[in-house]
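Only one structure is covered here, and it is reproduced in the block below.
Chains as they are written, first to last, in the working numbering: chain A, 57 to 417; chain B, 31 to 430.
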């Protein structure tokens, strides 16, 4: 075992860190410019094979980049467009769409969740019926992160032959978008599909494999989300420690008070715990699906719990300052909260692990 | 990065496991599995079996029986020893006094003590804590006054584990009064058979006798038994606490407990006809413990696989805190598997040296719950560990 990054990985971390830091210091963030920079610097191609036009990055590289995203509160739709939708395209063999993502940064978004199903995504009520001209899809999707009127939607839907996957280009008729700002400065969208007609080539993948394809892409994205949360937590702790060592009350810096010191020490413990379980999940990405999914669920459960704890403690330790939305602590707390609710909250993930039985041996 | 065990490391794990299962008698492993106190002779027997294979002191210098194994391999060894219910090599010997003698002792001390310590021919106990020097250890008062070629020792140690089984005690004693209380402390080895020493038992909340008071009344100790320099004892004690980090998280031990919890919960009846393992609340607690143990396993490996830190690695404070709390949670789950049966599982009578003869196999579970409270207390309480994390790692209260 060896947990030290290679030289290439150190360079990658430096590059991603510099790129994202430069956007973090802007007074008004420009997600589109950040996304373009990610494209120019090769970050978008990172988790794809060379044959697909990518750079052969694995789970370790994904962790490195996503930690930097978390540390700098990136607004680029990397998690959605690259790790979730992008990898789905790659696994489904949707080469043309993937080329669009890798060559010009065409944004994609995977619509996983539906009303009334919470975090289950493998049995959509959305239906696609074959027609003489192609397909007709009807249904509803909720909470599609970073989806807007210029994004290609990847839509899982039930078909007579099993789970289908459909590409719905921006501007398609009868697609209704309800775009909402998220607490962490991004947006998420509820989508209504009312007898949307699509050409035959809109269907990608293979109904016999699509569930496994989605499971693999989702697990990869969950690992990415965990890394983003770990990066955000570490930065949030650093911000909190700085504050504790500056803020004075009762004639002393408040960081000298043991009650507050122990809260901060508990934050550190929670973050190291989260980092370790994230590393475990990364080490299991090549395992068979059943083991991989339980490992990833274990990681998300524990990272979620740590993130709630670290976020809430950081706000508490900042006192009134923690309640101000234009102060960094609150923004990290908001980001951690959003990521924690994505792909399954703590109870959901813990239940997935419990169903896995004696998995940890 | 190499996030998985290498083939070499996996082969080493298999080799260790095979040796342990083939050589350590079943009766000893059963007693450890059931968490019953071992007869002294069994502890000695087990350590000699480990020592024969180089498993007792692999972290020592090569010339004194150490092995050229990576820290990851040593962590695997520690994990397998615990996981397979083999008694750990006596920590006071191999992890504490041994490395100090190897690093600071005289040649004569090394020759006399190290082989005997490794093979448990001599059993050492640790004389650090005193009635008024617990977390604030530097306030210790036991005095050693130089008289010619001997020290005259007076004072009292407390919470001395296995003093009633031990041959020798390594002590921190005050050899001079200095402005800083950390100065003027020396590291002294004392034969417990020396006249003037009295060991008095303290019965623990787990029903057994492990702990003792050790009283020193004008005990004469040869100056040959001073380790290193007079007045440097505090430095040596700090060195000792920073030693072997490969088993600090108690990963194998907690794994063994949680596996047992699962096995018992699959047998035990729950309510409404189902098994305990099907009870959602119980299962939820077990799942969390298993998830956290997996994280701890990686944290343990992250600590040992990283380059050694000069002095004390603050991450060991995380390992100790997390490891101890998880071991306690596993003990809680274990006793909860018994349900009302916990009351009749058996508990040692108030006899002084009860062993497990005649006690129900489940009684160890009840005792283990009580004895596990020690993990957040000894070796620097979890509150002290949090002070270290806040001070040394986060630099809180020390604005730069």
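C-beta atoms are modelled at their ideal positions from N, C-alpha and C, and glycine is treated no differently. None of these values were measured; they are calculated from a predicted model.
- Within 9 Å (strictly less), CB to CB, does residue 107 of chain B reach chain A? no
- Task: Taking C-beta pairs closer than 8 Å, name the residues in chain A that residue 31 of chain B reaches, listed in chain order.
- Result: Within 8 Å Cβ-Cβ: 58, 59, 60, 61, 62, 65 and 116.
- Item | Interface positions of the region 404-429 of chain B facing chain A (Cβ-Cβ less than 9 Å), listed along the chain | Within the region 404-429 of chain B, 413, 415, 416, 417, 418, 419, 420, 421, 423, 424, 425, 426, 427, 428 and 429 place their CB atoms closer than 9 Å to a CB of chain A, listed in sequence order.
- Query: Relative to the alpha-carbon of residue 253 of chain A, which residue among A:295, A:215 and A:192 has its alpha-carbon at the smallest distance?
  - Reply: A:192
- Query: When you compare only the Cα positions, how much space is there between residue 153 of chain A and residue 206 of chain A?
  - Reply: 14 Å
- Query: Any Cβ of chain B within less than 9 Å of the Cβ of residue 335 of chain A?
  - Reply: The C-beta of residue 335 of chain A comes closer than 9 Å to at least one C-beta of chain B.
- Mind checking the region 126-142 of chain A against chain B and listing, in chain order, the residues whose C-beta falls within less than 7 Å of any C-beta there? none
- Contact check, residue 354 of chain A vs residue 228 of chain B, beta carbons under 9 Å: no
- Please classify residue 192 of chain A: does DSSP put it in a helix, a strand, or coil? strand
- Message: residue 230 of chain A and residue 249 of chain A - do their beta-carbons sit closer together than 9 Å?
- Response: yes
- Query: Residue ranges of each alpha helix (DSSP H) run of no fewer than 4 residues wholly in the region 352-383 of chain B, ordered along the chain?
  - Reply: none
- Which residues DSSP lists as bridging residue 173 of chain B, in chain order: B:184 and B:204
- For the alpha helix (DSSP H) that contains residue 460 of chain B, what are its first and last residues? The displayed coordinates of chain B run from 31 to 430. Any statement about residue 460 of chain B would go beyond what the structure contains.
- Message: Am I right that residue 314 of chain B and residue 162 of chain A are in contact with their C-beta atoms under 8 Å? What's the rounded C-beta distance?
- Response: The pair is not a contact, with the Cβ atoms about 43 Å apart (cut-off 8 Å).
- Query: Can you list the residues of chain A that residue 102 of chain B reaches, using a CB-CB cut of under 7 Å?
  - Reply: Residues of chain A passing the Cβ test: 57.
- Message: I'd like the list of long-range same chain contacts for residue 119 of chain A, defined as Cβ closer than 6 Å, with 5 residues on each side in sequence excluded.
- Response: 283 and 338
- For residue 412 of chain A, collect the residues of the same chain with a Cβ closer than 6 Å to its Cβ; drop the 5 residues on either side in sequence, then sort them by chain order. Around residue 412 of chain A: 350.
- Task: Figure out for me which residue from A:65, A:134, A:313 and A:397 has the closest Cα to the Cα of residue 88 of chain A.
- Result: A:134
- Query: Checking contacts by CB at 9 Å: is residue 49 of chain B closer than that to chain A?
  - Reply: no
- Unbroken alpha helix (DSSP H) run spanning residue 314 of chain B, endpoints: Segment 310-335, the alpha helix (DSSP H) holding residue 314 of chain B.
- Message: If you measure between the beta carbons of residue 297 of chain A and residue 425 of chain B, is that distance less than 9 Å?
- Response: yes
- Item | Reference residue 273 of chain A, options A:137, A:370 and A:332, closest by Cα | A:137
- Message: Measuring alpha carbon to alpha carbon, tell me which residue in B:111, B:170 and B:67 is nearest residue 216 of chain B.
- Response: B:170
- Should residue 368 of chain A be flagged as near chain B, meaning a C-beta pair shorter than 9 Å? No, its Cβ sits nowhere closer than 9 Å to a Cβ of chain B.
- Query: Going by DSSP, what residues sit across from residue 262 of chain B in a beta bridge?
  - Reply: B:215
- Query: Which whole runs of the alpha helix (DSSP H) in the region 284-327 of chain A are 4 residues long or more, in chain order?
  - Reply: For the region 284-327 of chain A, there is no continuous alpha helix (DSSP H) assignment of 4+ residues that stays within its boundaries.
- Query: For residue 267 of chain B, which option in B:73, B:139, B:157 and B:188 has the closest C-alpha, if you only look at C-alpha atoms?
  - Reply: B:157
- Message: Quick check on DSSP: helix, strand or coil for residue 118 of chain B?
- Response: Three-state result, residue 118 of chain B: coil.
- If you compare alpha carbons, which of B:46, B:120, B:90 and B:87 is closest to residue 71 of chain B? B:120
- Message: Between the region 340-348 of chain A and the region 358-375 of chain A, can you find at least three pairs of beta-carbon atoms closer than 8 Å?
- Response: no
- Task: Examine the ligand FMN and report whether any of its heavy atoms sits within less than 8 Å of the Cβ of residue 83 of chain B.
- Result: Absent from the structure shown: the ligand FMN. Ligands present: none.
- Message: So, at 7 Å on beta carbons, what are the nonlocal neighbours of residue 125 of chain A in its own chain, with the 5 sequence-adjacent residues on each side left out?
- Response: 76, 134, 284 and 287
- Message: Taking DSSP's pairing of strands, which residues face residue 253 of chain A in a bridge?
- Response: A:192
- Counting contacts by CB-CB distance shorter than 9 Å, is residue 313 of chain A in contact with chain B? yes
- Item | Minimum C-alpha distance to residue 324 of chain A - residue among B:112, B:405 and B:420 | Nearest of B:112, B:405 and B:420 to residue 324 of chain A, Cα basis: B:420.
- Message: According to DSSP, residue 156 of chain B sits in a beta bridge with which residue or residues?
- Response: DSSP lists B:200 as partners of residue 156 of chain B.
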